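Q: Listed in order, the protein sequences are those of chains B and S.
The first sequence begins at 136 in the numbering used here and counts up by one.
The second sequence begins at 136 in the numbering used here and counts up by one.
C-beta atoms are modelled at their ideal positions from N, C-alpha and C, and glycine is treated no differently.
Keep in mind that this is a model prediction, so the values were computed, not measured.
Submitted below is the structure of interest, expressed as structure tokens.
There are 2 protein chains.
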Amino acid sequence: MEKKLIPENELFDIEKITKNLRSKIIGKKIHYFKKISSTNSYAKKLIKEFTDEGTIVVADVQTQGRGRKNRLWHSPFGGLWFSIILYPDLPPESGMLITMAVSISVAQAIKETTGMNAKIKWPNDLLIRNKKVSGILTELDASSYKINYAIIGIGINVNNKINDELKTIACSLKQENNKDISRIKIFISILENFDFYYDKLKNKDLDFIKKTWLSFTNILNKKIQVTENKKVIEGVFLGINDLGHLILDTKFGEIKIITGDIKYL
Amino acid sequence: MEKKLIPENELFDIEKITKNLRSKIIGKKIHYFKKISSTNSYAKKLIKEFTDEGTIVVADVQTQGRGRKNRLWHSPFGGLWFSIILYPDLPPESGMLITMAVSISVAQAIKETTGMNAKIKWPNDLLIRNKKVSGILTELDASSYKINYAIIGIGINVNNKINDELKTIACSLKQENNKDISRIKIFISILENFDFYYDKLKNKDLDFIKKTWLSFTNILNKKIQVTENKKVIEGVFLGINDLGHLILDTKFGEIKIITGDIKYL
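See below:
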């Protein structure tokens with residue numbers, strides 16, 4: 136029997152991770168749980184007691200992981216489920232840019248660790264061969280002009296099994312790559328990448344973020360369909376503006392899309 | 136002894152208020168307290184149990200009222216302290232516009248009720264003769280692309296005494312008007328006015344909000360100084376953009392100001 140170099144039950148050695156991490160802010164403090172309801176919910180508790188910027192909550196299993204619109208996010212053993220705590224000195228409209236910086240970091244980490252090209256699906260998913268491999272949930276607490284804190288929940292199907300009913304729309308890195316992948320390598324790579332992009336964001340280098348983000352999409356100049364609140368609109372994807380909104384060329388002219396579910400045509 | 140038409144200890148008759156209120160959404164449900172820690176904090180609790188949009192929390196006394204940057208807001212008997220709960224189907228960058236719509240509503244209510252001209256001081260105060268008479272604290276809970284809920288805390292010095300140490304910078308309506316003012320009349324007027332402006336906001340009639348807002352400032356084309364995080368910038372106030380940011384003409388060119396404390400020069 137072939138010896139597995141990276142076992143499916145690979146365990147988190149937090150001390151080793153923090154020691155090897157090359158980052159300025161992100162991941163200097165990591166809270167690890169074998170099982171938790173939701174890493175974002177625990178992050179919210181930590182913030183109330185006050186915790187440093189860049190603090191991470193990571194768990195092997197989430198029993199009540201959440202996605203966009205309060206959809207349940209299935210988070211069994213073998214996947215990577217964690218949250219990042221930030222106190223960005225930025226206005227509320229930067230929320231989407233934070234999500235974009237995280238998306239880039241996850242896509243690059245997948246590339247560095249597995250060689251696979253994950254594509255960013257606006258606003259907050261990553262796909263491999265058109266199936267969802269990762270989702271990002273950014274939660275903001277803000278006044279009208281300033282974010283007080285942001286919690287970014289990141290879920291990645293690494294080695295975990297995909298539920299039968301999700302198999303047509305979701306995949307895992309293991310399944311697409313035909314071998315076990317190190318959750319820890321991806322984890323470290325995301326933290327280091329995001330440390331870099333978050334710094335760019337704080338220095339208002341939005342063009343750099345936007346350019347990198349666009350390099351990870353595959354819809355530039357392609358026709359897409361956006362659905363929100365039963366309204367459906369079709370158009371050619373022209374790019375994103377400084378707030379992370381989609382710019383679509385439609386039969387009604389150029390339209391800005393703030394949120395919605397997109398479908399490739 | 137002269138008979139007082141409006142007594143200082145005027146009491147809230149919530150049943151009567153809701154019966155007479157001409158609004159579509161705002162104030163259909165009102166929670167009243169003689170004393171509470173903070174109406175915004177109680178509003179947050181109500182949201183967790185779920186409450187309708189437009190629900191109000193009002194109190195005679197707040198023991199821990201808060202202003203911007205967690206500054207304490209002195210909230211003794213005689214003033215008007217309340218919060219409005221909203222679930223706006225708007226992106227996080229609309230937070231400032233909500234604050235603007237509330238500012239207009241408060242300024243108009245003061246005008247209708249007392250005849251006095253309150254001026255809006257960006258971002259969230261109202262002044263009479265350059266002294267603060269009201270403050271607005273908008274708190275947002277959002278994802279990166281959508282506000283989940285907004286709680287707007289409104290504090291107005293109506294008939295309450297102003298602390299000695301605040302007398303050079305703060306005032307009450309009673310003091311400026313030389314007679315008691317009905318808290319309830321102002322309260323009703325704010326709710327009805329905001330019902331109107333919130334509807335404009337939801338219908339994306341930003342130009343109307345901006346125009347009305349500008350009519351209540353007295354700094355258009357005047358020189359002001361903005362301080363934020365020890366950075367100071369001077370310039371001529373040119374207006375506000377669609378996100379509620381200040382546009383200043385400075386020696387470095389046109390500059391957009393997102394937050395800060397402004398001073399008239």
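1) Hey, out of S:G213, S:S350, S:V361, S:P226, whose CA is closest to K391 of chain B's CA?
2) Against K281 of chain B, what residues of chain S qualify as contacts under a CB-to-CB distance less than 7 Å, listed in chain order?
3) Drop a sphere of 10 angstroms on the beta-carbon of G388 of chain B, count the other beta-carbons inside from all chains shown, and report buried for 16 or more, exposed for fewer.
4) If we call anything under 8 Å between Cβ atoms a contact, is F329 of chain S one with S210 of chain S?
5) Where D396 of chain S and I304 of chain B are concerned, what is the direct C-alpha to C-alpha distance, given to the nearest angstrom?
6) For A253 of chain B, does the three-state DSSP call read helix, strand or coil?
7) Answer yes or no: do G270 of chain S and W216 of chain S have a C-beta to C-beta separation smaller than 8 Å?
8) Quick one, are the C-beta atoms of N175 of chain S and R206 of chain S less than 8 Å apart?
9) Who are the neighbours of I233 of chain B on chain S, taking C-beta pairs under 8 Å?
10) I need the boundaries of the alpha helix (DSSP H) containing E145 of chain B, first residue and last residue.
11) Could you tell me if L146 of chain B is buried or exposed, where buried requires 16 or more neighbouring beta carbons within 10 angstroms of its beta carbon?
12) Using a Cβ cut-off of 7 Å, pull out every chain B residue sitting near E247 of chain S, in sequence order please.
13) If you measure from the beta carbon of G230 of chain B to each beta carbon in chain S, is any gap under 8 Å?
14) Please compile the residues from chain B whose C-beta is within a distance smaller than 8 Å of the C-beta of T273 of chain S.
15) Within 10 angstroms of the Cβ of E228 of chain S, are there 16 or more other Cβ atoms? Answer buried if so, exposed if not.
16) Provide the residue span of the beta strand (DSSP E) that contains K366 of chain B, from first to last.
17) Could one say the Cβ of L378 of chain B lies closer than 8 Å to chain S's Cβ atoms, at least one of them?
18) Determine whether the Cβ of P223 of chain S lies closer than 8 Å to any Cβ atom of chain B.
19) One question on the structure: do N283 of chain B and L272 of chain B come within less than 8 Å of each other, judged by their Cβ atoms?
20) Which residues of chain B have a Cβ atom closer than 7 Å to the Cβ of P94 of chain S, listed in chain order?
21) Using a Cβ cut-off of 8 Å, pull out every chain B residue sitting near P211 of chain S, in sequence order please.
22) With DSSP as the reference, please indicate the residues paired to I393 of chain B in a beta bridge.
23) Would you report the Cα separation of H380 of chain S and G288 of chain S, rounded to the nearest angstrom?
24) Looking at C-alpha atoms only, which residue of S:Q197, S:T249, S:M235, S:P223 is the closest neighbour of I407 of chain S?
25) Using a Cβ-Cβ cut-off of 6 Å (strictly less than) and excluding sequence neighbours within five positions of S172 of chain S, which residues of its own chain qualify?
A: By the coordinates alone:
1) As a position in the first sequence, residue 391 of chain B is number 256, starting the count at 1. Closest option to K391 of chain B, Cα to Cα, is S:P226.
2) Here residue 281 of chain B refers to the residue found at position 146 when the first sequence is read from its first residue. In chain order: T394.
3) Residue numbering aside, residue 388 of chain B sits at position 253 when the first sequence is read from its first letter. Looking at its Cβ environment, which holds fewer than 16 other Cβ atoms inside 10 Å, G388 of chain B is exposed.
4) Numbered from 1 along the second sequence, position 194 holds the residue referred to as residue 329 of chain S. Numbered from 1 along the second sequence, position 75 holds the residue referred to as residue 210 of chain S. Contact flag unset, no.
5) Counted from its first residue, the second sequence places residue 396 of chain S at position 261. Counted from its first residue, the first sequence places residue 304 of chain B at position 169. Distance between the alpha carbons of D396 of chain S and I304 of chain B is about 49 Å.
6) Taking the first sequence and counting its residues from 1, the one referred to as residue 253 of chain B is at position 118. Coil, per DSSP.
7) Along the second sequence, one-based indexing puts residue 270 of chain S at 135. Along the second sequence, one-based indexing puts residue 216 of chain S at 81. The answer is no: Cβ separation not under 8 Å.
8) By 1-based counting over the second sequence, the position of residue 175 of chain S is 40. By 1-based counting over the second sequence, the position of residue 206 of chain S is 71. Result no, Cβ atoms of N175 of chain S and R206 of chain S do not sit closer than 8 Å.
9) Here residue 233 of chain B is taken as the residue at index 98 of the first sequence, counted from 1. Near I233 of chain B (Cβ distances below 8 Å), the residues of chain S are S279.
10) On the first sequence, residue 145 of chain B is found 10 positions in, with the first residue counted as 1. That residue, E145 of chain B, is in no alpha helix (DSSP H); it is neither H nor E in DSSP.
11) Taking the first sequence and counting its residues from 1, the one referred to as residue 146 of chain B is at position 11. Exposed, because fewer than 16 other Cβ atoms sit within 10 Å of the Cβ of L146 of chain B.
12) On the second sequence, residue 247 of chain S is found 112 positions in, with the first residue counted as 1. The contacting residues do not exist; E247 of chain S stays about 25 Å from chain B at best.
13) As a working mapping, residue 230 of chain B is identified with position 95 in the first sequence. So, interface residue.
14) By 1-based counting over the second sequence, the position of residue 273 of chain S is 138. Here the neighbours are S278, S279.
15) For the purposes of this step, residue 228 of chain S is taken as residue 93 along the second sequence, with counting starting at 1. Per the 10 Å Cβ criterion, buried.
16) In the first sequence, counting from the first residue as 1, residue 366 of chain B sits at position 231. Taken as a continuous stretch (DSSP letters only), the beta strand (DSSP E) holding K366 of chain B covers 366-375.
17) The sequence position of residue 378 of chain B within the first sequence is 243, counting from 1. Cβ-Cβ to chain S under 8 Å: yes for L378 of chain B.
18) Against the second sequence, residue 223 of chain S aligns to sequence position 88. Judged by the 8 Å Cβ criterion, P223 of chain S is not in contact with chain B.
19) Position 148 of the first sequence, counted from the start, is the residue given in the question as residue 283 of chain B. Position 137 of the first sequence, counted from the start, is the residue given in the question as residue 272 of chain B. It is not a contact, given that the beta carbons lie outside the stated cut-off.
20) An answer regarding residue 94 of chain S cannot be provided, because it is not within the stretch 136 to 400 covered by chain S.
21) Looking up residue 211 of chain S in the second sequence gives position 76. Near P211 of chain S there are no residues of chain B at all, since even the closest Cβ is about 24 Å away, more than 8 Å.
22) For the purposes of this step, residue 393 of chain B is identified with residue 258 of the first sequence, where counting begins at 1. Partner(s): none; I393 of chain B has no beta bridge.
23) What you label residue 380 of chain S is simply residue 245 of the second sequence in a count that begins at 1. What you label residue 288 of chain S is simply residue 153 of the second sequence in a count that begins at 1. Cα to Cα, H380 of chain S sits roughly 20 Å from G288 of chain S.
24) With chain S covering 136 to 400 only, the question about residue 407 of chain S has no answer from this structure.
25) As a working mapping, residue 172 of chain S is identified with position 37 in the second sequence. T198, Q199.
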